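Inspection log for the structure reproduced underneath, given as structure tokens.
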Amino acid sequence: MVKAVVCGASGGIGQPLSLFLKASPYVTELALYDVVNAPGVAADLSHICTGAKVSGYSPKDDGLKLALTNAQLVVIPAGIPRKPGMTRDDLFKINAGIVYDLINGVAQFCPKAFVLVISNPVNSMVPIACEVLKRHKVFDPARVFGVTTLDTVRAQTFTASLLESTASNSKFDPSQIAVPVVGGHSGDTIVPLLSLAQPAQDLQLSSTISHQQRSDLIHRIQFGGDEVVQAKDGMGSATLSMAYAGYRFAEAVLRATVGGESSIVEASYVYLPGIPKGGVAVRDRVGLDYFAMPIRLGPHGVEEVVNLLDKIDEYEVGLINIAQKGLKTSIEKGVSFVTDHN
Ligand code: NAI
């Protein structure tokens with residue numbers, strides 16, 4: 006019995022993500038919240054013949070409170086997306102206030118929920134979420150996730166496509182390729198660890214692709230979002246691939262927390278000092294409180310941060326050093342936003 010809430014449910018990501026959740030076997034109640042059109046999206050989804058009961062709420066008449074009360078899973082794709090020429094940081098001013106308000110609601114009405122932050126810049130929005138929950142004295146680091154799954158999804162797709170183009174007559178199923186992606190979720194804070202791609206024996210990445218191809222592939226994974234922003238030409242950023250990725254991560258959390266599965270690992274941007282197993286070691290290594298790493302999920306959320314940083318090659322150490330600088334600024338910006346907020 007899971008009540009899931011989507012905040013920002015009428016948007017480009019929110020609608021298809023809500024559709025996935027409506028079709029999920031784990032979800033029995035689905036509450037949609039948005040400043041526009043949530044009752045309409047809810048009415049539409051409610052005709053689908055799956056078990057979840059759907060309701061839609063707007064800010065009036067205590068809508069946020071009604072949506073969030075008794076929720077176990079809250080997914081947040083609320084806020085404005087990028088237009089061509091914008092970085093994710095350009096969204097900070099508007100989205101910070103939106104995430105701040107929504108997390109205040111979470112703290113009051115469903116403090117034990119698993120919170121999945123999609124709104125950009127994720128690198129700053131997750132620190133905002135955690136700081137707000139700390140203020141309310143309800144922060145559990147195992148329950149707050151920055152959703153970076155789209156970077157992993159892109160890494161799988163782009164790696165398979167490069168390998169196909171270099172190996173004649175070979176087919177590579179992207180879903181069977183695993184590429185850990187760590188760091189953060191914007192530009193050069195995204196660090197794909199191609200040296201640890203699996204299955205290594207089939208990929209033989211270092212011998213199959215040249216150094217130039219490898220750095221082009223890394224760049225494509227880091228800036229893949231720009232391809233979509235440009236192609237949509239002012240009509241927003243990735244929505245359908247993000248809804249797929251967001252549901253993949255939400256389902257991983259549900260399979261571990263409700264389904265009792267113990268071996269689920271997905272990357273996520275989390276608060277490291279609060280995760281004794283692996284998190285503290287990664288924090289000490291990178292000198293940051295927030296970082297994306299593969300995490301092992303369990304009944305209470307994050308069980309372990311899987312520290313891969315001792316296994317990476319020299320080139321990747323250089324990429325991590327670059328990522329650390331960008332992340333430091335974004336994290337400080339998020340934390341100060343809450344400190345300065347009355
Ligand atoms: P969108 O503009 O299509 O949808 C956003 C929705 O949020 C709208 O329906 C809007 O009414 C709603 N909203 C605005 N203020 C709200 C509030 N205070 N409470 C509740 N809802 C509110 O944008 P889209 O394309 O769905 O993107 C949403 C966010 O996700 C953006 O910040 C975007 O940058 C981010 N994103 C994150 C990705 C990731 O990998 N984590 C990938 C792609 C986008």
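The numbering used here puts the first residue of the sequence shown at 6, with every later residue one more than the last. Virtual Cβ for every residue (Gly too), placed ideally from N, Cα, C. Bear in mind the structure is a predicted one, so any value in this text is a computation, not a measurement.
Throw me the rounded Cβ distance for the residue i and residue j pair, which I believe falls under 8 angstroms.
| i | j | result |
| --- | --- | --- |
| M240 | L155 | Contact flag wrong, Cβ pair sits at about 18 angstroms. |
| Y252 | L22 | 6 angstroms |
| V149 | Y276 | 6 angstroms |
| H305 | A147 | 5 angstroms |
Looking at the structure shown, is residue i part of a helix, part of a strand, or coil, going by DSSP?
| i | result |
| --- | --- |
| Y320 | helix |
| G306 | strand |
| P30 | coil |
| M247 | helix |
| Q20 | helix |
| V111 | helix |
| F163 | helix |
| I195 | strand |
| L293 | coil |
| K282 | coil |
| F144 | coil |
| Q203 | strand |
| S60 | strand |
Could you spell out where the alpha helix (DSSP H) holding residue i opens and where it closes?
| i | result |
| --- | --- |
| R4 | Given that the chain is displayed from residue 6 to residue 347, the structure contains no residue 4 and the question cannot be resolved. |
| E271 | No alpha helix (DSSP H) holds E271; the beta strand (DSSP E) holding it covers V270 to Y276. |
| A48 | A43 to S51 |
| G68 | G68 to L73 |
If you draw a straight line from the C-alpha of residue i to the C-alpha of residue j, how long is it?
| i | j | result |
| --- | --- | --- |
| I214 | N312 | 26 angstroms |
| I103 | K282 | 32 angstroms |
| S60 | M91 | 34 angstroms |
| L293 | P132 | 11 angstroms |
| A272 | N42 | 32 angstroms |
| I108 | V184 | 31 angstroms |
| K58 | D67 | 19 angstroms |
| V233 | T244 | 9 angstroms |
| S242 | L332 | 22 angstroms |
| P30 | L50 | 15 angstroms |
| I226 | R159 | 6 angstroms |
| D221 | P278 | 34 angstroms |
| V291 | K237 | 36 angstroms |
| S15 | V46 | 6 angstroms |
| L353 | T33 | The displayed coordinates of the chain run from 6 to 347. Any statement about residue 353 would go beyond what the structure contains. |
| V340 | T334 | 10 angstroms |
| N125 | D94 | 8 angstroms |
| K8 | R219 | 43 angstroms |
| V310 | M298 | 6 angstroms |
What residues in its chain sit with their C-beta under 6 angstroms from that of residue i, if we drop five residues either side in the sequence?
| i | result |
| --- | --- |
| C115 | L73 and A76 |
| V122 | I81, M130, V131, A134 and G151 |
| L71 | Y62 |
| I99 | I85 |
| I336 | P132 and Y295 |
| H141 | A112 |
Between residue i and the rest of its own chain, which residues show a CB-CB distance below 7 angstroms, the 5 nearest in sequence each way excluded?
| i | result |
| --- | --- |
| A328 | G188, G189, D193, T194 and V196 |
| V137 | Y105, I108, N109, A112 and V343 |
| G303 | A261 and S267 |
| K338 | F97 and S129 |
| V40 | S63 and P64 |
Give me, in chain order, the residues of the same chain whose beta-carbon lies closer than 8 angstroms to that of residue i; leave out the 5 immediate sequence neighbours on both sides.
| i | result |
| --- | --- |
| K88 | V234, G239 and G241 |
| K27 | L35, L50, I53, T55, A57 and V59 |
| Q161 | P179, S180, I182, A183 and V184 |
| V285 | L277 and P278 |
| D318 | S200 |
Nearer than 6 angstroms: is that true of the beta carbon of residue i relative to any heavy atom of the ligand SAH?
| i | result |
| --- | --- |
| T262 | The ligand SAH is not among the ligands present in this structure, which contains only the ligand NAI. |
In terms of residue numbering, what span does the beta strand (DSSP E) encompassing residue i cover?
| i | result |
| --- | --- |
| A236 | Counting along the chain, A236 falls outside any beta strand (DSSP E), though it belongs to the alpha helix (DSSP H) covering G229 to K237. |
| A9 | V7 to C12 |
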